[in-house]
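Single-structure report; data block below.
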Amino acid sequence: MKLNLKSLRHLALAGFLSLAPSTVNAAKQIDHDPLAVIPIEIINNRILVSLPVGPYDVRLTLDTGASNTALFQSRHEDFGDLSQRGNADIIFPALDEIVEGVTVEPVPIKLGNHNYIPSRLLTVGRRPPIGDRLNFKFDGVLGQDFFNQFVVEIDREVLELRLYPAGTDLSDYFRTKLKLEMKGSAPYIKLHNKMPWEDYPRVKSLMLDTGYPGAMVLWGKKHFVLAAKGDDIDALRADNKGIFTTANFRVGTLRFYQTPIFVSPNQPMQAQERDGIIGSNVIVWFHHVIDFPGKQLLLNTGRVHFNRMDGIYYLPNHEGFIVKRFTPKPVAGSIYVLGN
Numbered sequence: 047m048k049l050n051l052k053s054l055r056h057l058a059l060a061g062f063l064s065l066a067p068s069t070v071n072a073a074k075q076i077d078h079d080p081l082a083v084i085p086i087e088i089i090n091n092r093i094l095v096s097l098p099v100g101p102y103d104v105r106l107t108l109d110t111g112a113s114n115t116a117l118f119q120s121r122h123e124d125f126g127d128l129s130q131r132g133n134a135d136i137i138f139p140a141l142d143e144i145v146e147g148v149t150v151e152p153v154p155i156k157l158g159n160h161n162y163i164p165s166r167l168l169t170v171g172r173r174p175p176i177g178d179r180l181n182f183k184f185d186g187v188l189g190q191d192f193f194n195q196f197v198v199e200i201d202r203e204v205l206e207l208r209l210y211p212a213g214t215d216l217s218d219y220f221r222t223k224l225k226l227e228m229k230g231s232a233p234y235i236k237l238h239n240k241m242p243w244e245d246y247p248r249v250k251s252l253m254l255d256t257g258y259p260g261a262m263v264l265w266g267k268k269h270f271v272l273a274a275k276g277d278d279i280d281a282l283r284a285d286n287k288g289i290f291t292t293a294n295f296r297v298g299t300l301r302f303y304q305t306p307i308f309v310s311p312n313q314p315m316q317a318q319e320r321d322g323i324i325g326s327n328v329i330v331w332f333h334h335v336i337d338f339p340g341k342q343l344l345l346n347t348g349r350v351h352f353n354r355m356d357g358i359y360y361l362p363n364h365e366g367f368i369v370k371r372f373t374p375k376p377v378a379g380s381i382y383v384l385g386n
């Protein structure tokens, strides 16, 4: 199928995960006993779990980009039963701001038969513009502090989250193994490949942000200048317009073909030295393990030959955009992930 750039209804691209028969290996049964097994939902590429948090029953999303576990206040729940301890900030890297929160008393989060008590639990007020931009259809996030405590397995075939003690090595059970470079509590993946607007391959340091439901955002200045070549760059920046495009790239043994990418006109305040973020849409379709303590991301492709892949494009900060089409370039790898 070809992407019709004139019909961007809901900014959606049809996509499929196509696996050659020779590359599909049945996963070995994991013989480690998990601490907890929890049902999950996957909505708009976000992984959601319903859990008791102290006296409240809430729905939380797994967010490797959020610096802390947080509860979002709303007109339905203000978490007034939790004693306040002081102000604190929470960082959402896809958003161009740092969100103010309130630290509350530690309360247990019941994970099956296991209780997890965050060292610092925050509540965040629902107020514009942050409320709209976070699209609060859940009650909070399990952030980097949660992932630092467990090895987290997501089995999308049976829609289960399994938690293992830190130090459990599950790498023998997964075909694709990617190194996570931990900078503080934030996980990074390094890609060495050539985007279609680049003249040669470059190393890109991208933070793994499962709270962002899209595939990839690049906000390095060089990317925007090169991708916008031939356009009025100053006018685009003045109007806060980025570039919506698709590109081929490789992550480990996986080839992503014509995958939606947003090239941002501006770097967020907390950009630090990262070139951008890899979002949930890159990994949510796989049986995968996020292992902060072991500094690795593990992926299995599953047993099916075709899986529906959500190619919806998400604007991180409600930016405007222009659409550009680049000539696809082949990339090395053993498995295709098709975006259109």
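Under my numbering, think of the first position of the sequence shown as 47, with each following residue one higher. C-beta atoms are modelled at their ideal positions from N, C-alpha and C, and glycine is treated no differently.
Inset, instruction - Could you tell me the distance, in whole angstroms, from the CA atom of V170 to the CA atom of S113? - result: Looking at the two C-alpha atoms, the distance is approximately 13 Å.
Inset, instruction - Spell out the partners DSSP gives H238 in its beta bridges. - result: Residue pairing by DSSP places H238 opposite V249 in a beta bridge.
Legend entry - Range of the contiguous beta strand (DSSP E) that encloses H122: H122 -> no beta strand (DSSP E), and no H or E assigned at all.
Legend entry - Delimiting residues of the beta strand (DSSP E) encompassing R221: No beta strand (DSSP E) holds R221; DSSP gives it neither H nor E.
Inset, instruction - Closer than 8 Å by C-beta to I163: which residues in its own chain qualify, once you throw out the five before and the five after it? Chain order, please. - result: Taking I163 as the centre and dropping the five residues before and after it, the same chain places the C-beta of P152, V153, P154, I155 closer than 8 Å to its C-beta, in chain order.
Inset, instruction - Along the alpha helix (DSSP H) that carries V271, what are the first and last residues, could you check? - result: Start and end: 267-273.
Legend entry - Segment contact flag, the segment 259-278 with the segment 318-331, C-beta cutoff 8 Å, min 3 pairs: Contact holds: three or more Cβ-Cβ distances are below 8 Å.
Legend entry - Segments assigned alpha helix (DSSP H), at least 4 residues, entirely inside the segment 269-307: Listed in chain order, they are 279-284.
Legend entry - Residues sharing a beta bridge with F367, DSSP: In DSSP, F367 forms a bridge with G288.
Inset, instruction - Would you decide whether K275 is buried or exposed? Buried here means 16 or more other CB atoms lie within 10 Å of its CB. - result: With fewer than 16 neighbouring CB atoms inside 10 Å of its own CB, K275 falls in the exposed class.
Legend entry - Residues of its chain near G298, where Cβ-Cβ distance is below 6 Å and the 5 sequence neighbours each way are ignored: Only T222, L224 meet the Cβ criterion.
Inset, instruction - Pull up the distance between the alpha-carbon of F125 and that of G132, whole angstroms please. - result: Going from the Cα of F125 to the Cα of G132 covers about 15 Å.
Inset, instruction - Out of L81, A284, S251, state which residue places its alpha-carbon closest to the alpha-carbon of H160. - result: Ranked by Cα distance from H160, the first of L81, A284, S251 is L81.
Inset, instruction - Could you tell me which residues DSSP puts in a beta bridge with K156? - result: According to DSSP, K156 bridges with N161.
Inset, instruction - Could you tell me whether the Cβ atoms of S310 and F270 are closer together than 8 Å? - result: It is a contact, given that the beta carbons lie within the stated cut-off.
Legend entry - L106: CB within 7 Å of a non-hydrogen atom of the ligand SAM: No copy of the ligand SAM appears in this structure; indeed no ligand is present at all.
Inset, instruction - Identify every residue that forms a DSSP beta bridge with H458. - result: Absent from the structure is residue 458, since the part of the chain shown begins at 47 and ends at 386.
Inset, instruction - With a 10 Å radius around its C-beta and 16 neighbouring C-beta atoms as the bar for buried, classify L205 as buried or exposed. - result: Burial call: exposed.
Legend entry - Span separating the alpha-carbon of D218 from that of L237: Each residue's alpha carbon lies about 23 Å from the other.
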